[in-house]
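So the sequence shown is numbered by the UniProt record's numbering: it starts at 1 and just counts up by one.
One structure is given below, encoded as structure tokens.
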Amino acid sequence: MPLPESRPPQPPGAAPERAIPGPAGLPVLGSMLDLRRDSLGTFTAAQREHGDVVRLEAGPPGLRSVFHAVFAPDGVQQILASQAANFRKDHPLYEEVRQSFGNGLLTSQDADYLRQRRLVQPLFTKRRVDGYASAVTTEATGLADRWRSADGHTVDLVPEMNRLPYLTQALKESMRLYPPAPVISRRAVAATEIGGFRIPAGADVVVAPWVTHRHPDLWADPERFDPQRFAPEREAERHRYAWFPFGGGPRSCIGQHFSMLESVLALAVLLRTYELDAVDEEVPVSAGITLQATGPARVRLRPRAGAGE
């Protein structure tokens with residue numbers, strides 16, 4: 001169960017703390033049904049209606065969970081990076097993962113986390129990741145070959161990586177709209193001021209790439225797919241935590257550079273061979289530890305002229 005919120009007494013004459021706004025929800029269940037039905041939509045609506053720091057309640061009295069959601073990049077940076085020591089993976093979600101899968105890199109903390117990260121870090125240096133490119137290209141080419149009846153040919157895309165900026169931009173834009181981890185949970189171990197509000201020690205806290213990546217103050221026409229958002233000059237102007245599909249700070253995803261390399265190379269091989277047309281324009285999704293499609297995401301493949309020559 002979530003820890004109860006504790007507040008130290010106000011000093012005499014001190015200004016009262018600002019109450020953190022949030023949806024009222026149902027009289028007994030709060031926002032529980034909304035969160036179960038569509039947690040991502042509930043978080044998005046809460047940001048639109050109440051701002052960038054929101055308090056949500058879910059569940060009946062006695063079993064009620066209270067947590068705080070933070071959506072603005074400055075607040076996200078505090079939680080994941082600049083004040084990360086105040087926000088730990090003591091959330092019940094991570095304990096469930098520990099019980100099911102063990103205390104691995106995702107859930108470990110402190111010395112155990114540092115030990116595990118040091119063990120695998122050499123596999124993910126830029127030099128090592130670049131060395132995986134030829135293997136990724138070979139596998140992606142093999143997949144393209146299996147998809148067509150004619151024999152194909154291996155394409156070495158490693159020297160071409162720097163000439164694929166638009167494909168990289170398109171991939172980043174895809175992860176803006178469909179971040180692999182749509183919600184990231186922490187528990188506050190020290191009271192922290194974020195966005196003019198006090199987050200109490202013991203509070204469950206979430207940041208939501210799904211919401212921040214659609215924030216209307218950060219992204220014009222946020223539901224539109226536009227790879228030009230990630231042109232270098234526009235990226236340079238943007239807050240570091242306006243886009244954080246791999247998390248951030250000391251707990252950022254260790255494999256993020258490999259993931260980008262693998263995805264860009266695989267897409268490049270397949271797109272040299274096929275034109276892809278979306279069959280399902282809308283893909284329903286739900287939030288777990290990772291983003292999950294709850295319906296089909298089909299594409300139609302059309303061989304490119306001369307692709308097998």
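Don't be surprised by glycine CBs; every beta carbon is placed ideally from N, CA and C.
Small disclaimer: the values here were computed from a predicted structure and weren't measured.
- Residue burial is scored here from C-beta neighbours: residue 276 has fewer than 16 other C-beta atoms within 10 angstroms and is therefore classed as exposed.
- The beta carbons of residue 298 and residue 285 sit no closer together than 8 Å.
- The three-state reading of DSSP puts residue 303 in strand, counting E and B together.
- Judged by beta-carbon spacing, residue 87 lies within the 8 Å limit of residue 187, meaning their Cβ atoms are closer than that value.
- Per DSSP, residue 189 is not a residue of any beta strand (DSSP E), being assigned neither H nor E.
- DSSP places residue 194 within a strand segment (E or B) once states are collapsed to three.
- Straight through space, the alpha carbons of residue 44 and residue 266 are spaced by roughly 32 Å.
- Sequence-distant partners of residue 225 (beyond 5 residues in either direction) whose C-beta falls short of 7 Å from its own C-beta, in its chain, are 173, 177.
- The shortest C-alpha to C-alpha distance from residue 62 to any of 294, 239, 29 is the one to 29.
- The Cβ-Cβ distance between residue 201 and residue 183 does not fall below 8 Å.
- Per DSSP, reduced to three states, the secondary structure at residue 173 is helical.
- Straight-line measurement puts the Cα of residue 262 at about 23 Å from the Cα of residue 302.
- Our two residues, residue 232 and residue 165, have alpha carbons roughly 9 Å apart in a direct line.
- Restricting attention to 195, 169, 21, the CA atom closest to the CA of residue 75 is found in 195.
- Here residue 35 has 42, 58 as same chain residues with Cβ atoms under 7 Å from its own Cβ, once five neighbours each way along the sequence are excluded.
- Beyond the five residues adjoining it in sequence on each side, residue 23 comes within less than 6 Å, by CB distance, of 31, 46 in the same chain, given in chain order.
- When the Cα atoms are used, residue 82 and residue 251 turn out to be separated by approximately 12 Å.
- The C-alpha of residue 92 is placed about 18 Å away from the C-alpha of residue 80.
- The beta-carbon separation of residue 273 and residue 304, rounded to 6 Å, stays under the 8 Å limit for a contact.
- DSSP, reduced to helix, strand and coil, places residue 241 outside both helices and strands of the structure shown, so it counts as coil.
- Residue 164 carries a coil assignment under DSSP once its states are collapsed to helix, strand and coil.
- Rounded to whole angstroms, the separation of the alpha carbons of residue 217 and residue 230 is 16 Å.
- The shortest CA-to-CA distance from residue 55 to any of 222, 20, 77 is the one to 20.
- Looking at the backbone, the Cα of residue 180 and that of residue 51 are separated by about 24 Å.
- Nearest Cα to residue 212 within the set 293, 67, 53, 258: 53.
- Secondary structure note for residue 204: it is in no alpha helix (DSSP H), and the uninterrupted beta strand (DSSP E) holding it is 204-207.
- Under the three-state reduction of DSSP, residue 236 is assigned to helix.
- When secondary structure is reduced to three states using DSSP, residue 267 falls in the helix class.
- Per DSSP, residue 53 is one residue of the beta strand (DSSP E) stretching across 53-58.
- With 16 or more neighbouring CB atoms inside 10 Å of its own CB, residue 69 falls in the buried class.
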